[in-house]
Structure formats: structure tokens, C-alpha cells
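These notes concern the structure reproduced below.
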Amino acid sequence: MPSQPDFVRIRSLGAFALAALLLFASVTGCSQSPSSPSAETTGPSASSSPSSSAAESAPAAPETRLFTDGLGREVEIPVHPQRVVVSEFSSEALTVGVKPIGLGPNDLKNAFTQSQLTGIDDVGDPPNAEKILDLKPDLIIFSQYMPEIYPDAMAQIEKIAPVIYIAFEDPIYDVLTTVADALGKTEEAAEWIKAYEAERDQVREEVQEALGDQTVSIFRIQKGRLRIYLSTNFGGYALRSALGAKAPEAVQEEIAKAKWANAVEISLEKLPEYAGDKMLVIVAGEGDDQDEYQAIKDTALWKSLPAVKNGDVYFLDTLKYYNSDNVTVRETMKEMAAMLTGKTP
């Protein structure tokens with residue numbers, strides 16, 4: 001985890017607008033003597049001064065508030081942001097009715113929201129400060145890891161508009177609610193969560209009834225690498241937190257070490273310890289990763305696994321399970337529930 005930076009106070013757009021207004025009023029007021037009104041003065045009242053007219057016609061400065069982000073920074077942000085750039089939180093923004101003007105490339109891979117992301121600029125990875133500047137955002141939302149990974153880029157981006165960093169924890173009850181709060185859309189998030197919980201409770205009951213004491217594990221097979229997914233990415237949250245599926249003891253021990261851990265790499269020899277009674281497998285349909293899987297499945301070790309012998313191995317679509325946002329959690333939760341209850345053809 002990156003260390004927390006020193007306290008940062010970012011001036012809002014409202015502060016810039018107010019300063020510009022005061023400067024304009026000062027210059028205009030000095031250019032004309034109040035004792036010698038111009039004969040060409042127009043407007044509803046000849047007694048109105050140029051400075052008061054400017055003040056009346058200028059737009060009000062956006063209302064702001066203080067927001068404490070995932071790094072503990074207190075940032076001044078718009079109460080009602082209108083132009084938002086995100087890195088990996090477009091699903092959360094869309095969920096509460098906000099379409100961002102810029103996003104990171106990982107979100108473009110989201111199989112469940114791609115159709116809603118047309119016309120949105122990709123700000124790059126590393127993020128491109130010039131491109132973000134051109135978008136004229138009033139709020140920028142990035143993950144907590146960005147200042148550590150791209151310190152120089154983020155130092156420039158923090159000069160453009162208020163930036164808040166979001167911690168990757170519970171995708172429903174932490175990430176979604178935090179992003180919604182920053183966008184001034186807490187009620188919309190609460191409504192979505194209520195609907196999600198109703199759906200979750202129904203499929204969870206079905207899954208637990210179907211599984212009983214059986215365990216479930218998620219593997220990803222790549223060229224030269226075998227990974228066990230735990231409680232976040234690639235279906236981990238949907239399987240453990242949403243569906244409440246029991247993990248093999250070795251997997252549960254890994255989860256206990258770090259609640260929001262992503263995955264752990266193991267050797268093939270360790271596979272029997274981590275393999276559940278039912279196995280969810282992620283592997284590319286072609287290329288080196290598929291070649292690796294073909295080699296593994298021909299081994300005696302693979303054939304000896306209970307899930308393999310009983311026909312309880314299910315394959316997950318890499319693109320569907322790539323992200324770990326609230327929308328992906330909800331949709332993959334339903335798909336895995338269908339697999340584990342035998343409802344998938």
C-alpha cells in the first residue's frame with residue numbers, strides 16, 4: 001500500500017471563479033469615477049455601477065465541500081460535480097446516473113458496461129495530464145495506487161482539478177458508496193444496493209442449498225503460472241461475499257492473511273490442496289495459456305482431482321470476470337450461481 005501523502009488542500013473551481021470576479025470588479029471600478037457618470041450609461045438604472053452589474057451577471061461560484069479520500073487526504077470538491085474523470089470507477093458512476101467524460105483503459109474491457117461507454121475519452125495508463133486538462137473536469141477520481149505507481153503524472157493532474165483517491169476494499173459497500181458520495185448520489189447507490197441484496201439473498205440460498213458442505217475454488221491458468229483467486233478479482237468477491245460459497249481450507253487460510261487479497265500463485269504440485277469439490281477455471285480459449293491448460297489436463301495429478309473425476313469443472317469467460325466493480329460482481333454472481341446449482345445448460 002502507498003504511504004499517505006502530506007495533507008493536501010486543493011482549491012475548487014469556485015475559488016478560481018471568485019478571484020477572477022473580484023479582479024474584474026476592481027479593474028472596472030477604477031476605470032470610471034463615481035462622481036462623473038457616463039452619459040451613455042444603459043441598463044435598468046443609471047445609478048447602477050459597472051462593478052455591481054458585472055457581479056449580478058456573473059455565474060455563481062460552484063458550491064464545494066470537504067471530502068476525505070482513501071488516502072486520508074481532505075480535499076475540497078464540488079457538491080454537484082458535472083464533468084468527472086475516473087480511472088477504474090465508471091461502473092460505479094454509471095450505476096448512480098453519472099456518465100464520466102474520461103476513464104482509464106481497464107474500464108473499457110468491462111463486458112457488462114462497454115455499450116454505455118461510447119463517446120468517453122480514454123485518458124490512458126499512465127494517465128495523460130494534457131488529455132485530462134483538455135477535458136476540463138471539475139472532479140477527478142483515481143485509485144489509491146496511482147500516486148505510488150505514477151507519482152509524476154499524478155502531481156501534474158492534481159493541479160488540474162480536485163483529485164480524490166479511492167481505496168480498493170469491498171466493491172459494494174465501500175467502493176460504490178464512496179464514489180456515490182463523491183458524486184453527490186448516495187440515495188441512488190442505496191437504491192441499487194437494496195435491489196442487489198434482494199437478488200443476492202435469493203441466489204445465495206439456492207447455491208448454499210445445492211452445495212451443502214462442498215467447497216469451491218477459482219483458478220486461472222496462464223503460461224508458466226497457476227493462480228488461485230481469493231476474495232476480490234475474477235469472481236472472488238461474488239463467490240465468497242455474495243454467494244457465501246465455502247473455500248477449501250488452504251484457500252481460506254490465504255484469505256485470512258489479507259481480507260481483500262487478490263490471488264496467490266501456487267505450483268502445480270500444490271493444486272490438490274487448493275482444489276475444491278467444484279472448480280471454476282479461467283483460461284484463454286487459444287494461445288499459450290490454452291496450450292498450458294492442455295498440458296496440465298493430461299497429467300495424472302489433474303485427472304485425480306475430485307472435481308475433475310465428478311465433472312464439476314466450470315470454465316469462466318476471462319473478459320466477463322476481469323473487473324471487480326459492483327456491476328461485474330452482480331452479473332457474475334448470477335452466472336456462477338447458475339453453474340453451481342446446475343441451471344446452466
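Residue numbers (UniProt numbering): 1 to 345.
Beta carbons are placed, not taken as given, at the ideal position from N, Cα and C, and that holds for glycine.
Item checked: Boundaries of the alpha helix (DSSP H) in which alanine 256 is found, first to last residue -> Where alanine 256 is concerned, the enclosing alpha helix (DSSP H) stretches over 249-257.
Note to self: I believe valine 84 touches leucine 176 by the beta-carbon criterion, under 8 Å. Please report the beta-carbon distance rounded to the nearest angstrom.
What the structure shows: Contact doesn't hold; Cβ gap of about 15 Å is too wide.
Notebook entry, point to check: Which stretch, first to last residue, makes up the alpha helix (DSSP H) that contains arginine 204?
Noted result: First-last of the alpha helix (DSSP H) with arginine 204: 186-211.
Check: Should asparagine 326 be labelled buried (16 or more other beta-carbon atoms within 10 Å of its own) or exposed?
Finding: By the neighbour-count rule (16 or more Cβ atoms within 10 Å), asparagine 326 is buried.
Notebook entry, point to check: Between isoleucine 77 and threonine 95, is the Cβ-Cβ spacing less than 8 Å?
Noted result: Contact: no.
Margin query: Taking the beta carbon of leucine 230 as the centre, do at least 16 other beta carbons fall within 10 Å, making it buried, or is it exposed?
Written below: Buried, by the Cβ-count rule.
Checklist line | Whole-angstrom C-beta distance between valine 329 and alanine 238, which should lie under 8 Å | finding: At roughly 5 Å, the Cβ-Cβ gap stays under 8 Å, so alanine 238 and valine 329 are in contact.
Next item on the list: Mark proline 34 as exposed unless 16 or more other C-beta atoms lie within 10 angstroms of its C-beta, in which case mark it buried.
Entry: No answer about proline 34 holds up, because its pLDDT of 36 lies below 50 and its placement is not dependable.
Item checked: Validate contact between the region 278-286 and the region 250-263 using beta carbons, cut 8 Å, 3 pairs -> Contact between the region 278-286 and the region 250-263 is absent, because fewer than three Cβ pairs lie under 8 Å.
Notebook entry, point to check: Terminal residues of the continuous alpha helix (DSSP H) containing serine 91?
Noted result: Going by DSSP, serine 91 is part of the alpha helix (DSSP H) stretching over 90-95.
Note to self: Helix, strand or coil, according to DSSP, for glutamine 82 in the structure here?
What the structure shows: Correct three-state label for glutamine 82: coil.
Notebook entry, point to check: Just curious, the alpha helix (DSSP H) that glutamate 130 is in, first and last residue?
Noted result: That run of the alpha helix (DSSP H) goes 129-135.
Next item on the list: Mark serine 31 as exposed unless 16 or more other C-beta atoms lie within 10 angstroms of its C-beta, in which case mark it buried.
Entry: Residue placement at serine 31 is flagged as unreliable, the pLDDT there being 37, under the threshold of 50; a coordinate-derived value is accordingly withheld.
Next item on the list: Would you mind sorting aspartate 298 into buried or exposed? The rule is 16 or more other CB atoms within 10 Å of its CB.
Entry: Here aspartate 298 is exposed: its Cβ has fewer than 16 other Cβ atoms, across all protein chains shown, within 10 Å.
Next item on the list: Identify, in the order they occur along the chain, each residue of the same chain with its Cβ nearer than 6 Å to the Cβ of glutamine 222, setting aside the five sequence neighbours on each side.
Entry: Answer for glutamine 222: Asp289, listed in chain order.
Item checked: Proximity winner among Pro127, Gly102, Thr341, relative to glutamine 214 (alpha-carbon distances) -> The shortest C-alpha separation from glutamine 214 is found at Thr341.
Notebook entry, point to check: Would the beta-carbon of isoleucine 164 fall within 8 Å of that of phenylalanine 89?
Noted result: Contact: no.
Check: How many angstroms separate the CA atom of glycine 124 from the CA atom of lysine 159?
Finding: When rounded, the separation of the alpha-carbon atoms in glycine 124 and lysine 159 is 18 Å.
Check: Do you know how far the Cα of histidine 80 is from the Cα of valine 98?
Finding: Whole-angstrom Cα-Cα distance: 11 Å.
Check: At what residues does the beta strand (DSSP E) containing threonine 64 begin and finish?
Finding: Here the beta strand (DSSP E) through threonine 64 covers 64-68.
Notebook entry, point to check: Where do the N-terminal and C-terminal ends of the beta strand (DSSP E) with glutamate 273 fall, by residue?
Noted result: Counting along the chain, glutamate 273 falls outside any beta strand (DSSP E), though it belongs to the alpha helix (DSSP H) covering 271-274.
Check: Is it buried or exposed for residue 397, if we count other Cβ within 10 angstroms and need 16 for buried?
Finding: Because the chain spans 1 through 345 in this model, residue 397 falls outside it and cannot be assessed.
Notebook entry, point to check: Taking the C-alpha atoms as reference points, what is the distance between glutamate 197 and aspartate 107?
Noted result: If you take the alpha carbons of glutamate 197 and aspartate 107, they lie about 24 Å apart.
Note to self: According to DSSP, simplified to helix, strand and coil, what is leucine 226?
What the structure shows: The DSSP-derived three-state label of leucine 226 is strand.
Check: Below 8 Å between beta carbons: does that hold for residue 374 and leucine 226?
Finding: Since the displayed the chain opens at 1 and closes at 345, residue 374 lies outside it and no answer follows.
Checklist line | Simplified DSSP state of glutamate 331, which is helix, strand or coil | finding: Glutamate 331 sits in a helix when the DSSP states are folded into three classes.
Note to self: Please classify glutamate 92 as buried or exposed, where buried requires at least 16 other C-beta atoms within 10 Å of its C-beta.
What the structure shows: Label assigned to glutamate 92: buried.
Check: What did DSSP end up calling tyrosine 165 once you bin it into helix, strand or coil?
Finding: In this structure, tyrosine 165 counts as strand in the three-state DSSP scheme.
Checklist line | Nearest neighbour of glutamate 74, chosen from Leu301, Ile166, Tyr321 [CA to CA] | finding: Residue Ile166 is the option with its Cα nearest to glutamate 74.
Notebook entry, point to check: beta strand (DSSP E) containing glycine 265: first to last residue?
Noted result: Here the sequence assigns glutamate to residue 265, which means glycine is not the residue at that position. Segment 263-266, the beta strand (DSSP E) holding glutamate 265.
Notebook entry, point to check: What first and last residue would you give for the beta strand (DSSP E) that runs through leucine 139?
Noted result: First-last of the beta strand (DSSP E) with leucine 139: 139-143.
Checklist line | Distance, alanine 275 Cα to valine 308 Cα | finding: Looking at the two C-alpha atoms, the distance is approximately 10 Å.
Note to self: With distance defined between alpha-carbon atoms, name the residue in Asn310, Ala129, Asp201 nearest to alanine 161.
What the structure shows: When only C-alpha atoms are compared, the closest one is Ala129.
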